[in-house]
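Participant: Protein chains in written order, with this note's numbering: chain A, 532 to 969; chain B, 50 to 374. Here it is, the structure, as structure tokens.
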């Protein structure tokens, strides 16, 4: 197998074996779900229901006219308890619809009527519309509204669709399991995305630590003109820009988007959601999440309701085997540390990882010794040591806005410096300056 | 069953991502450098015996004492644990002649850390390689003591008829003053006059291979440095192999010029830095007042690092082709 890759990056320990062989387990509806009105990059939704309303599963509970946004749906049937507030994993407090489940998972009559559709009967606009109505956002973590990706400016031609099955974050295995268990649904999603974008070429990129997924996807594309490409297991292979560079040798221009070079990248889990939205008008109300970490009793992959409290997932995994030093929403390289177990799973939550004190990084910072490991690790060829300086005037000269915050620099730093955290500060300064001058 | 079982929120931390860290720490890097210096230290002990050990210990005492004192004055925790002062101490000791009095070794170690590092703000802040600052200070202040060589054990039957054992010269002195070239095999094994560590190229190379294999140093600086010296030697009509093996080049190229703190962080910058070191070394050796040029070549290039980095910024991913912006 020829293996493709990108320049830079790091090789963290992966720990995928903790949950890679556990089949996706469907968790029942929790007693209550908390549906944040913003779970994506873009404009927040406004509530379309009121406290006391009865809602069916899949019913829209929040929407907006803004283009860069995605509606949110009830992920259980029941009664709207209140329009309240919740914290997101990143600490932001946002408005949320809190729904008490009646345990019946009753779907609305309208949704039931739309269940007979075929891709053949739909044009590109129909597909984009179906994707938007289903509230689909990027499920790899960034949560960018998916229909926006399929709507390039008129002068742009999309030629290639890449499905991202790299799953380069350590510990996470939800995409791996989806490729094993829902390969056909992924391929049918790819078909729909190709049609929505008018692309000719479809690729599925998978890291070489998942040979069984490569085999499953190759089997699934046998009667299709798509290619399954094997990539080196290296972090961050699944970062959009790095994946495109590795597979196509094209660089997304600095400050630009994959659209600028005619490419759309979607996560494999997103492709599954697209397939369901197109064929069954099914909104995004469930997702697969890996619950894992060396401080979790039974690491596993679970399919849960969007809005389920993180507590439900940890309960399903038997709780903690030892006191965790860190509980992370997302993967250990880019995810956020959380404190409150009652905050909800969102559309972009790919994992809940509990790390022991042995594994979690909590050593104190030492002086930078200019070893250049961060410079070599940066997949964007930035100079993290200078970007992380407190002297913002100096730091701003090192292209802060190009940083993708992958964390490779902090990972390799022998002095345990919080480089990414400091670079976020520099980025914020750069953004503020840009806004001032415009 | 409650999830709260085993959950102790008082020890749950909320730090920024990433939440995993590579096991390579400053301490481990410095330990690897010390391990890589072991063959050279062993060679020094073999050739020069107990005096070599005493010199190394005196230099270490000076360097680590100054490090501790500087931290004390600044009310900071004493950072000896990171091993960087020990590395400076051993490196400086390897640059000293086997006849060096112990007070000289101690003074050199103290100066290297005190003036070469602490006054700049400690680890990571110094512009120049501290060990070389120490050596340059000693050479300038005590030129006679710093150039009194003696034959190592079992050395140079080939030369002993012509030269007095006390006034032994280094191979570079011999070439510059007497026009006599030392055989390669003697240079490689270390049976020549010279400082504790620069005599045996072989012992240094074993350590260098260890540093490269452990990915502690990058190949670019030593390779471009040594290649430049060899090429210039050939162009100038002298023997390239001799110039590579003689003097402090191997020690300087693999252990001094590769110092993280005082060298460039960019890949192209490292190549440029090595070429500059090689150029200056040969200019000093061929045209300068000193027979050896490694110390000043590296110190001079240390000062040029900010400039080098400015012109060798890596090409930004997604930038216009070949733009350095």
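Heads up, the beta-carbon is just placed ideally off N, CA and C, and yes, glycines get one too. Predicted, not measured: the structure shown is a model, and the values here were computed from it.
(1) For a contact defined as C-beta to C-beta under 9 Å, what are the partners of residue 914/A on chain B?
(2) For a quick check, are the C-beta atoms of residue 111/B and residue 159/B less than 8 Å apart?
(3) Give, in chain order, every unbroken run of the beta strand (DSSP E) that is at least 3 residues long and sits entirely within the segment 848-925 of chain A.
(4) Against chain A, with Cβ distances strictly below 8 Å, would residue 80/B count as a contact?
(5) What would DSSP say about residue 828/A, mapped onto helix, strand or coil?
(6) Under 8 Å between beta-carbons, which chain C residues line up against residue 70/B? List them in chain order, please.
(7) Consult DSSP for residue 566/A and reduce its assignment to one of helix, strand or coil.
(8) Just to make sure I have the definition right: I need the residues of chain B whose C-beta is within less than 7 Å of the C-beta of residue 930/A. Which are they?
(9) Does DSSP put residue 947/A in a helix, a strand or coil?
(10) Am I right that residue 578/A and residue 614/A are in contact with their C-beta atoms under 8 Å? What's the rounded C-beta distance?
(11) Pairing CB atoms from the segment 701-714 of chain A with CB atoms from the segment 793-807 of chain A, are three or more of them under 8 Å?
(12) Could you tell me the distance, in whole angstroms, from the CA atom of residue 324/B to the CA atom of residue 346/B?
(13) For residue 832/A, which residues from the same chain have a beta carbon less than 8 Å from its beta carbon, with the 5 sequence-adjacent residues on both sides left out?
(14) Under 6 Å Cβ to Cβ from residue 926/A, same chain only, skipping five residues before and after it: list those, please.
(15) Name, in chain order, the residues that DSSP records as bridge partners for residue 230/B.
(16) Residue 773/A lies in the alpha helix (DSSP H); which residues open and close that run?
(17) By how many angstroms is the C-alpha of residue 150/B removed from the C-alpha of residue 206/B?
(18) What residues from the segment 781-796 of chain A come within 9 Å of chain B, judged by C-beta to C-beta, listed N to C?
(19) Starting from the Cα of residue 135/B, find the closest Cα among 147/B, 172/B, 186/B, 61/B and give me that residue.
(20) Report the rounded CA-to-CA distance for residue 809/A versus residue 656/A, giving the unit in angstroms.
(21) What does residue 853/A touch in chain B if you count any residue whose Cβ is under 7 Å from its own?
(22) Would you tell me roughly how many angstroms separate the C-alpha atoms of residue 847/A and residue 566/A, rounded to the nearest one?
(23) Measure the C-alpha to C-alpha separation of residue 760/A and residue 69/B and round it to an integer number of angstroms.
(24) Might you give, ordered along the chain, the residues of its own chain that have their beta carbon closer than 8 Å to the beta carbon of residue 356/B, omitting 5 neighbours on each side?
(25) Below 6 Å CB to CB, which residues in the same chain sit around residue 350/B once its five sequence neighbours on both sides are set aside?
(26) Looking at the secondary structure, which residues open and close the beta strand (DSSP E) in which residue 611/A lies?
(27) What are the start and end residues of each continuous alpha helix (DSSP H) run of 4 or more residues lying completely inside the segment 138-193 of chain B, in chain order?
(28) With burial defined as no fewer than 16 other Cβ atoms inside 10 Å of the residue's Cβ, what is the status of residue 897/A: buried or exposed?
(29) For a test of the three-state rule: what should DSSP assign to residue 555/A, helix, strand or coil?
(30) Hey, would you say residue 866/A sits closer than 8 Å to residue 837/A, going by beta carbons?
(31) With 16 other CB atoms within 10 Å as the buried threshold, where does residue 894/A fall?
(32) By the three-class DSSP mapping on this structure, what secondary structure does residue 125/B have?
Facilitator: For this structure:
(1) 314, 315, 358, 362, 363
(2) yes
(3) 857-860, 867-869, 882-886
(4) no
(5) coil
(6) Judged by its chain identifiers, the structure shown contains no chain C, and its protein chains are A and B.
(7) strand
(8) 365
(9) coil
(10) 5 Å
(11) yes
(12) 10 Å
(13) 550, 553, 554, 555, 556, 704, 705, 708, 819, 820, 821, 822
(14) 918, 920, 957
(15) Beta-bridge pairing links residue 230/B to no other residue.
(16) 771-779
(17) Note that residue 206/B scores 48 on pLDDT, short of 50, meaning its location in the model is unreliable; the coordinates nonetheless yield the value given after this. Between residue 206/B and residue 150/B, the C-alpha separation is close to 27 Å.
(18) 782, 783, 784, 785, 786, 787
(19) 172/B
(20) 12 Å
(21) 55
(22) 21 Å
(23) 28 Å
(24) none
(25) 322, 325, 326
(26) 609-618
(27) 151-163, 179-190
(28) buried
(29) coil
(30) no
(31) exposed
(32) coil
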